[in-house]
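Chemist: Just so you know, the working numbering puts 214 at position 208 of the sequence shown, and the rest follows in order with no gaps.
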Amino acid sequence: MLIEDEGIVLRQWPLGEAGAIFSVLTRNHGKARLVSNSIKKNKSMRSSLAPFMRDSFVYWKGKSELSRLSQSSLLSPFGLYLSSDYDSYLAACLMAEITEKLFEPSQGEEGDYLLLWGALSALSKKKREAWKILLSYELRIVANAGWKPEILACAECGREGDFLSFSMQKGGWVCQKCASADAIRFSKPQKELFCALLLGEWEKCREPDGKVEKLIKDWVNYYLDRKLNSLKVIREKI
7 MLIEDEGIVL RQWPLGEAGA IFSVLTRNHG KARLVSNSIK KNKSMRSSLA
57 PFMRDSFVYW KGKSELSRLS QSSLLSPFGL YLSSDYDSYL AACLMAEITE
107 KLFEPSQGEE GDYLLLWGAL SALSKKKREA WKILLSYELR IVANAGWKPE
157 ILACAECGRE GDFLSFSMQK GGWVCQKCAS ADAIRFSKPQ KELFCALLLG
207 EWEKCREPDG KVEKLIKDWV NYYLDRKLNS LKVIREKI
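1. Is it true that the segment 105–119 meets the segment 44–64, where meeting means three or more beta-carbon pairs spaced less than 8 angstroms apart?
2. Go ahead and pull the three-state DSSP assignment for L129.
3. Rounded to whole angstroms, what's the CA-CA distance from Y87 to T32? Just pull it up for me.
4. According to the Cβ coordinates, are F84 and L55 closer than 9 angstroms?
5. Can you tell me which of K37, W137, R146 and G13 puts its alpha carbon nearest to the alpha carbon of D91?
6. Expressed to the nearest angstrom, what Euclidean distance is found between the alpha-carbon atoms of R165 and I157?
7. Is L55 helix, strand or coil by DSSP?
8. Determine the burial state of L8: buried for a count of at least 16 other Cβ atoms within 10 Å of its Cβ, exposed for fewer.
9. Comparing alpha-carbon positions, which option in C181, M59 and P155 lies nearest L126?
10. Starting from P195, trace the alpha helix (DSSP H) both ways and give me its first and last residue.
11. In angstroms with no decimal places, state the Cα-to-Cα distance between I240 and K67.
12. Candidates L100, A151, A161 and Y228: which alpha carbon is nearest G114's?
13. Can the beta-carbon of L230 be found closer than 9 angstroms to that of I104?
14. So, under 8 angstroms CB-CB, V218 and L199 are touching, yes? Tell me the CB distance rounded to an integer number of Å.
15. In terms of residues, what are the limits of the alpha helix (DSSP H) holding L145?
16. Please look up how many angstroms separate the CB atoms of L16 and P57, rounded, as I've assumed it's under 8 angstroms.
17. Kindly list the residues whose CB is nearer than 7 angstroms to the CB of S173, restricted to its own chain and excluding five residues on each side of it in sequence; keep chain order.
18. Of all the options A128, R74 and E12, which has the alpha carbon lying nearest to the alpha carbon of V41?
19. Tell me which residue opens and which closes the beta strand (DSSP E) that E12 is part of.
20. How big is the Cα-Cα spacing for L237 and G177?
21. Once you ignore the five residues that flank L145 on each side, which residues in its own chain have a CB closer than 7 angstroms to its CB?
22. Using C-beta distances below 8 angstroms, list every residue in its chain close to P111, excluding the 5 sequence neighbours before and after it, in chain order.
23. Taking the alpha-carbon of E12 as reference, which of E23, F63, A24 and W19 has the nearest alpha-carbon?
24. Grab me the residues of S76's own chain with a C-beta within less than 6 angstroms of its C-beta, minus the 5 sequence neighbours each way, in chain order.
25. Would you call D61 buried or exposed, if buried means 16 or more other Cβ atoms sit within 10 Å of its Cβ?
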């Protein structure tokens, strides 16, 4: 089946002497893995398929996870802009890594693509600090995948309130009665920063906080570990 779509390159692997495999989050077909056997012979095409580049693609999709790349055209050279700023480049690398791990081939919705596009665009234009964009993206892409932390009520009993303890196991902020041994206590400003990053309320994200940053990293890793473990069990049964 011939597919025409646009997408953002997440990463690439060498294939033989002149080829490469590209992992791409597409707008309408989820994550795709595209193969070109002669990419190293085409300098302009090779540069347009570097990580973080946004391109239009034409490719042949068969029964396997690998699709044959027919042609591509550069739409947004985010990779070129990001390479000149270390913090922005590092943030983009982490976003691409999380996205690559989060989605299996053909998984991913248009909203995920638009979120990544917006984050890379904001990084390349330096609209706001890289730490804000990265942490917000991490929370929001995982939330899109179905793992959104509860922020308005206790994640265990459902009682509404502005609770300040966070439990990984229970899926968000919890009241004192429901707080388990894994629950971590935060200050009110720290919770406000967490919520602002999740909701994209940039005016409330004033200063970075190491404890909040660690919570977000742990939350994302906790979700990814559960997802990868679930996939391992499923594959063992097939």
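Note that beta-carbon positions come from the ideal geometry of N, C-alpha and C, so glycine has one too.
Since the structure is predicted, the reported quantities are computational estimates derived from the model, not experimental observations.
Modeler: According to the structure data:
1. No, because fewer than three Cβ pairs between the segment 105–119 and the segment 44–64 fall closer than 8 angstroms, the two stretches do not touch.
2. Note: L129 maps to helix in three-state DSSP.
3. 21 angstroms
4. No, Cβ-Cβ distance for F84 and L55 is not below 9 angstroms.
5. W137
6. 11 angstroms
7. coil
8. exposed
9. M59
10. Note, P195: alpha helix (DSSP H), K194 to L205.
11. Low confidence applies to I240: its pLDDT is 43, below 50, so where it sits in the model is not reliable enough to give any reading.
12. A151
13. yes
14. 5 angstroms
15. Annotation: the continuous alpha helix (DSSP H) that includes L145 extends over A136 to N150.
16. 7 angstroms
17. A161, V180, A185, S186, D188 and A189
18. Among A128, R74 and E12, the Cα nearest to that of V41 is on R74.
19. L8 to L21
20. Note that L237 scores 49 on pLDDT, short of 50, meaning its location in the model is unreliable and no value can be drawn from it.
21. L203, L204 and I222
22. Closer than 8 angstroms at the Cβ level, and outside the excluded window around P111, lie G36, K37, A38, R39 and E71.
23. F63
24. V64 and Y65
25. buried
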